[in-house]
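Here's the structure we're looking at; comments come further down.
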Amino acid sequence: MFNHHKVEIEWGGRPLILETGKIARQADGAVLATYGETVVLATVVSMKEPKPGLDFFPLTVNYQEKTYAAGKIPGGYFKREGRPSEKETLVSRLIDRPIRPLFADGYKNDTQIVVTVVQHDLENDPDILSIVATSAALTLSGVPFMG
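Right under this line is the structure:
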């Protein structure tokens, strides 16, 4: 019924698996990346037309490490995730900086990228996996991305 694609690549002596078509089908592009036991979901949504009067490229990148991904449940006084941690903010920038120049010149459509760590094995860092998943999701999304 839905097109499910799965690509397996040998990366660093282990398989890197990129899947699409199973999760987040309403997004313009979505990739579930697995490396070891670490799983990251990258989704891309972009407006079809640019907002009038914009003279810059409105790109938003949100990286989220949910506590359940590492098997931790917030307890004590704060029971919710709260605002992004310093690491989440830095990884969002780590994703944003290398991909921003790879968009077509003059592209001004509002684009949002949300990267969520679904599972973390505490051995494989999800940061680089997030960049790979984001690049794959942008390539699938139809956004003019040269990455």
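This note's numbering runs 1086 ahead of the 1-based position in the sequence shown.
Ideal Cβ placement from N, Cα and C applies to all residues, glycine included.
A quick note: this is a predicted structure, and the numbers were derived from the prediction, not measured.
Other residues of its chain near residue i: CB distance less than 7 Å, five sequence neighbours each side excluded
| i | result |
| --- | --- |
| residue 1145 | 1182, 1186 and 1197 |
| residue 1193 | 1143 and 1230 |
| residue 1087 | Because the pLDDT of residue 1087 is 40, which lies under 50, any placement of that residue in the model is unreliable, and the number read from its coordinates should be weighed accordingly. Cβ within range, chain order: n/a, list empty. |
Residue i (DSSP reduced to helix, strand or coil)
| i | result |
| --- | --- |
| residue 1110 | coil |
| residue 1092 | strand |
| residue 1184 | helix |
| residue 1151 | strand |
| residue 1204 | strand |
| residue 1098 | coil |
| residue 1140 | coil |
| residue 1087 | Reliability of the predicted coordinates at residue 1087 is poor, the pLDDT of 40 falling under 50, and the value obtained from them is presented with this limitation in mind. Residue 1087 falls in the coil class under three-state DSSP. |
Which residues DSSP lists as bridging residue i, in chain order
| i | result |
| --- | --- |
| residue 1215 | Paired residue(s): none; residue 1215 is not in a bridge. |
| residue 1115 | 1130 |
| residue 1172 | Beta-bridge pairing links residue 1172 to no other residue. |
| residue 1125 | 1120 and 1205 |
| residue 1104 | 1093 and 1119 |
| residue 1145 | 1197 |
Own chain, CB closer than 6 Å to residue i, minus 5 neighbours either side, in chain order
| i | result |
| --- | --- |
| residue 1093 | 1104 |
| residue 1095 | 1102 |
Residue j beta carbon less than 8 Å from that of residue i
| i | j | result |
| --- | --- | --- |
| residue 1200 | residue 1129 | yes |
| residue 1232 | residue 1188 | yes |
| residue 1113 | residue 1131 | yes |
| residue 1216 | residue 1149 | yes |
| residue 1151 | residue 1203 | yes |
| residue 1210 | residue 1122 | yes |
| residue 1178 | residue 1147 | yes |
Other residues of its chain near residue i: CB distance less than 8 Å, five sequence neighbours each side excluded
| i | result |
| --- | --- |
| residue 1293 | An answer regarding residue 1293 cannot be provided, because it is not within the stretch 1087 to 1233 covered by the chain. |
| residue 1218 | 1102, 1104 and 1119 |
Closer than 7 Å: residue i CB and nearest the ligand COA heavy atom
| i | result |
| --- | --- |
| residue 1216 | Looking for the ligand COA in the displayed structure turns up nothing, as the structure carries no ligands at all. |
Does the stretch 1218–1230 come into contact with the stretch 1107–1124, if we say contact requires no fewer than three beta-carbon pairs (one atom in each stretch) closer than 8 Å? yes
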